[in-house]
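Chemist: For the record, the sequence lines run as chains A and Y.
Residues in the first sequence are numbered from 1 upward in steps of one, following the UniProt record's numbering.
Residues in the second sequence are numbered from 1 upward in steps of one, following the UniProt record's numbering.
My questions all concern the structure below.
Number of protein chains: 2
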Amino acid sequence: MNQILPKNDRRVGCRECPLNLNPCFRSFTAEELAFMEDFKTGEILVGAGSTILSEGHLSPNLYTVLSGWAFRYKTLEDGRRQVLNYLLPGDLIGLQGTVMGEMEHSVEALTSITLCVFPRDRLMELYAKHPTLGFDVTWLSSREERMLDEHLLSLGRRSALERAAYLLAFLHARAGTTIYPSNSTNYIPITQTHVADTLGLSIVHTNKTIKRLMERGAIRWLGGACEVLDAEKLSKIAGWHGLDERVRPLL
Amino acid sequence: MNQILPKNDRRVGCRECPLNLNPCFRSFTAEELAFMEDFKTGEILVGAGSTILSEGHLSPNLYTVLSGWAFRYKTLEDGRRQVLNYLLPGDLIGLQGTVMGEMEHSVEALTSITLCVFPRDRLMELYAKHPTLGFDVTWLSSREERMLDEHLLSLGRRSALERAAYLLAFLHARAGTTIYPSNSTNYIPITQTHVADTLGLSIVHTNKTIKRLMERGAIRWLGGACEVLDAEKLSKIAGWHGLDERVRPLL
DNA sequence: CGTCCAGTTGACTATAGTCAAACACCGTGG
DNA sequence: CCACGGTGTTTGACTATAGTCAACTGGACG
């Protein structure tokens with residue numbers, strides 16, 4: 001198993017943070033920025049395939065994804081796994097642990113990924129000193145909720161083909177604002193096993209479904225990654241109207 | 001169609017609010033209570049089957065459920081419906097509208113239901129004046145997220161029988177802290193169509209699945225309602241370990 | 001008495017899962 | 001150099017699960 005490689009040497013100040021410069025995130029006020037610089041305790045680099053958080057465990061930290069891909073999942077006792085959502089730059093990890101104590105899901109890195117580290121026990125201080133930042137945390141939580149709502153609709157009421165099309169269109173849209181702009185490649189770094197565990201299908205049936213999407217010229221599959229050729233076509237197959245990703249907050 | 005019956009005559013002060021007296025909710029400080037009394041603009045009584053919020057629309061208000069049952073759902077364009085979650089006393093309705101503007105799901109009353117009304121445009125004031133209450137909003141949002149995670153696991157990886165058992169155990173557990181203590185009946189007020197739209201199954205197959213749960217003596221079905229006879233058995237069938245419902249915040 | 005709604009049932013079809021066998025690719029170590 | 005195992009993907013044959021269609025029950029209500 002891969003391990004987390006600690007790297008608490010505090011690379012980037014929030015001022016120079018590439019995410020903070022990305023126009024899809026709202027910019028901090030001077031006071032907020034000063035607080036965040038102090039709130040941030042460091043950075044961590046995690047290798048592809050490593051576990052970032054695991055179900056049933058406590059974590060003293062909150063994280064924001066700075067670069068790379070990860071996913072959240074839960075498992076049943078007999079090993080059946082369900083991917084709940086994917087994490088991309090700007091996403092907050094571990095908020096649920098604040099409410100529950102123990103995590104009720106695990107988080108695993110899909111690519112190598114860098115995380116911004118915050119101490120969970122200072123979160124209340126953030127609410128007290130910067131209500132707008134507190135509100136932003138709620139905003140992000142609510143945004144996650146919206147994504148889960150759409151995933152539920154997908155699992156419950158979309159066919160296998162629609163579900164696959166939705167998932168790939170969704171990930172392509174999400175990466176479009178944060179990953180692809182600063183990257184030469186624009187692939188989605190997942191295996192068909194991940195797709196299967198997200199869609200609630202078997203690997204075999206997932207493979208046959210992906211094949212149908214390829215035959216329609218919507219995507220291309222490259223061992224361990226997917227290239228979206230026609231995002232419009234995917235959205236149309238899925239009956240999905242895309243993300244409403246206006247400017248959003250960042251922690 | 002039923003309509004919302006306005007009743008803004010401000011029935012109960014927050015001080016005498018039965019929910020505030022329920023030990024499963026954390027109690028307000030004197031300052032918080034004063035703020036909430038001012039923040040609350042009134043109460044609304046909604047009849048069973050009425051739509052409380054609807055997809056694509058704006059709402060100037062946030063609500064807290066005071067009594068009764070409701071559910072959130074989304075639909076695809078061809079009418080396929082997915083129930084996302086159920087709303088019980090103490091649950092916040094409409095938070096997502098704050099983030100998105102338009103609602104991305106609808107909310108419908110399952111029984112007649114009373115709602116506490118808050119003006120959405122004063123929400124930021126709540127964060128500014130009472131950081132602990134702001135944190136509570138995040139807490140509630142995060143709790144909703146946890147429930148959705150479990151529902152996703154259910155839809156994606158549980159069999160029809162397991163899913164049905166999980167749903168009924170879940171609703172029974174949720175009602176156990178807020179509905180049943182103050183009520184003579186302890187039924188879950190849903191039809192098999194609701195169950196089908198929650199589990200992502202057809203009505204026919206749902207009916208056959210429910211029948212199996214009845215044969216095992218876990219539940220009884222009474223036109224338009226379900227009585228849980230053996231919650232333990234349901235949890236065991238579902239492989240579900242129950243809610244971790246410690247003391248939680250209330251707005 | 002007829003209508004509507006919720007629930008029930010059986011026959012048949014469609015969708016998805018399971019089992020099994022391969023292939024391609026990529027490292028490792030002899 | 002090549003044999004080896006591992007992962008990711010592909011395919012076909014067969015089975016299981018769930019959906020569709022259709023008919024029917026029973027109760028509530030005007």
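All C-beta atoms, glycine included, are put in the ideal place defined by N, C-alpha and C.
Keep in mind the model is a prediction, meaning the values are calculated, not measured.
Taking A/Leu95 as part of the beta strand (DSSP E), name the residues at either end of that continuous run.
Modeler: Not the beta strand (DSSP E): A/Leu95 falls in the alpha helix (DSSP H), residues 95-100.
Chemist: Going by the DSSP bridge assignment, what does A/Gly42 pair with across the sheet?
Modeler: Its beta-bridge partners are A/Val117.
Chemist: Assuming A/Asp87 contacts A/Tyr73 under a Cβ cut-off of 8 Å, what Cβ separation, rounded to an integer in Å, is found between them?
Modeler: This sequence places Leu at residue 87 of chain A; Asp is not what is there. At roughly 11 Å, the Cβ-Cβ gap does not stay under 8 Å, so A/Leu87 and A/Tyr73 are not in contact.
Chemist: Identify, in the order they occur along the chain, each residue of the same chain with its Cβ nearer than 7 Å to the Cβ of A/Ser27, setting aside the five sequence neighbours on each side.
Modeler: If we look at A/Ser27 and ignore the five residues flanking it on each side, its Cβ neighbours are Asn20.
Chemist: With a cut-off of 8 Å, does the C-beta of A/Pro6 fall near any C-beta of chain Y?
Modeler: At A/Pro6, the pLDDT of 49 sits below 50, so the modelled position is not reliable; the number obtained from the coordinates is stated separately. For A/Pro6, the answer is no, since every Cβ of chain Y falls outside 8 Å of its Cβ.
Chemist: Can you name the start and end residues of the alpha helix (DSSP H) that A/Thr51 belongs to?
Modeler: Note, A/Thr51: premise wrong, no alpha helix (DSSP H); beta strand (DSSP E) at 51-53.
Chemist: Tell whether a beta-carbon distance below 8 Å holds between Y/Thr41 and Y/Phe118.
Modeler: A contact, by the Cβ cut-off of 8 Å.
Chemist: Which residue's Cα is closest to the Cα of Y/Glu32: Y/Arg158, Y/Cys226, Y/Phe135?
Modeler: Y/Glu32 has its Cα closest to that of Y/Phe135, out of Y/Arg158, Y/Cys226, Y/Phe135.
Chemist: Does the CB of Y/Pro60 have a neighbour CB from chain A at under 8 Å?
Modeler: Chain A, which has no Cβ nearer than 8 Å to the Cβ of Y/Pro60, makes this no.
Chemist: Thinking A/Gly68 and A/Met103 are a contact (beta carbons under 8 Å), I'd like their distance in whole angstroms, please.
Modeler: Between A/Met103 and A/Gly68 the Cβ distance is about 20 Å, and since that is not below 8 Å, they are no contact.
Chemist: Just to confirm the assignment: which complete alpha helix (DSSP H) runs, minimum length 4, are found wholly within the region 147-177 of chain Y?
Modeler: Listed in chain order, there is nothing to give.
Chemist: Here's the rule I'm using: 16 or more other beta-carbon atoms within 10 Å means buried, otherwise exposed. How should Y/Asn186 be labelled?
Modeler: By the 10 Å Cβ count, Y/Asn186 comes out exposed.
Chemist: When you check each C-beta in the region 115-128 of chain A against every C-beta of chain Y, which residues fall closer than 7 Å?
Modeler: Here the close residues are Met124, Tyr127, Ala128.
Chemist: Between the Cα of A/Cys14 and the Cα atoms of A/Cys24, A/Glu37, A/Pro23, which residue gives the shortest distance?
Modeler: When only C-alpha atoms are compared, the closest one is A/Glu37.
Chemist: Run the proximity test for Y/Ile203: is its beta-carbon closer than 7 Å to any non-hydrogen atom belonging to the ligand GTP?
Modeler: Judged by which ligands are present, the structure shown has none, so any question about the ligand GTP falls away.
Chemist: Look up A/Ala218 in the DSSP assignment and say whether it is helix, strand or coil.
Modeler: In this structure, A/Ala218 counts as coil in the three-state DSSP scheme.
Chemist: Exposed or buried, which one is A/Arg246 when buried takes at least 16 other CB atoms within 10 Å?
Modeler: Counting Cβ neighbours within 10 Å, A/Arg246 comes out exposed, since fewer than 16 surround it.
Chemist: Whose CA, out of Y/Ala48, Y/Phe170, Y/Gly90, lies closest to the CA of Y/Trp139?
Modeler: Checked all of Y/Ala48, Y/Phe170, Y/Gly90; the closest Cα to Y/Trp139 is Y/Gly90.
Chemist: So for A/Glu31, helix, strand or coil by DSSP?
Modeler: Helix, per DSSP.
Chemist: Given that a residue counts as buried once 16 or more other Cβ atoms are within 10 Å of its Cβ, and exposed if not, what is A/Arg220?
Modeler: With fewer than 16 other Cβ atoms within 10 Å, it is exposed.
Chemist: Mind reading off the beta-carbon distance from A/Leu152 to Y/Leu155? Whole number of angstroms is fine, and I expect it under 8 Å.
Modeler: A/Leu152 to Y/Leu155, Cβ: 7 Å. Contact.
Chemist: So which of Y/Leu250, Y/Gly239, Y/Phe25, Y/Ser142 has the shortest CA-CA distance to A/Ile78?
Modeler: The sequence shown places Asp at residue 78 of chain A, rather than the Ile named in the question. The shortest Cα separation from A/Asp78 among Y/Leu250, Y/Gly239, Y/Phe25, Y/Ser142 belongs to Y/Gly239.
Chemist: Note down the Cα distance separating A/Leu234 from Y/Ser182, rounded to an integer number of angstroms.
Modeler: Distance between the alpha carbons of A/Leu234 and Y/Ser182: 49 Å.
Chemist: Could you please give the first and the last residue of the uninterrupted beta strand (DSSP E) stretch that includes A/Thr64?
Modeler: Per DSSP, A/Thr64 belongs to the beta strand (DSSP E) from 61-67.
Chemist: When you compare the CB positions of Y/Ala218 and Y/Ala165, do they come within less than 8 Å of one another, or not?
Modeler: Yes.
Chemist: Per DSSP, Y/Leu87 is paired with what?
Modeler: Y/Leu87 pairs with Y/Ala70.
Chemist: Using a C-beta cutoff of 8 Å, does A/Ser54 count as contacting chain Y?
Modeler: No, A/Ser54 lies away from the interface with chain Y (no Cβ there is under 8 Å from its Cβ).
Chemist: How would you list, in chain order, the residues of chain A whose beta-carbon sits under 8 Å from the beta-carbon of Y/Pro131?
Modeler: Correct list: Met124, Tyr127, Ala128, Pro131, Gly134.
Chemist: Going by beta carbon distance, what residues of the same chain come within less than 8 Å of Y/Asp121, once the five residues before and after it are set aside?
Modeler: Excluding sequence neighbours, Y/Asp121 sits near Pro60.
Chemist: Taking the continuous alpha helix (DSSP H) assigned at Y/Ala238, which residues delimit it?
Modeler: Its alpha helix (DSSP H) spans residues 231-238.
Chemist: Between A/Leu161 and chain Y, is any beta-carbon pair separated by less than 8 Å?
Modeler: With 8 Å as the cut-off, A/Leu161 does not count as an interface residue toward chain Y.
Chemist: Can you tell me which of A/Leu92, A/Met100, A/Arg81, A/Pro23 puts its alpha carbon nearest to the alpha carbon of A/Val58?
Modeler: Reading the sequence as shown, one finds Leu at residue 58 of chain A and not Val. Checked all of A/Leu92, A/Met100, A/Arg81, A/Pro23; the closest Cα to A/Leu58 is A/Met100.
Chemist: Start and end of the beta strand (DSSP E) containing Y/Ala225?
Modeler: Start and end: 225-228.
Chemist: Report the residues of the UniProt domain "HTH crp-type" (158-232) of chain Y with a CB closer than 8 Å to any CB of chain A, ordered along the chain.
Modeler: Answer in chain order: Arg158, Asp197, Thr198, Leu199, Gly200.
Chemist: For residue 330 of chain Y, does the count of other Cβ atoms within 10 angstroms reach 16, so buried, or fall short, so exposed?
Modeler: This structure cannot speak to residue 330 of chain Y, because chain Y is shown only from 1 to 251.
Chemist: Looking only at its chain, what residues have a beta carbon closer than 7 Å to the beta carbon of A/Glu162, apart from the 5 residues adjacent to it on each side?
Modeler: Here the set comprises Ile237, Ala238, Gly239.
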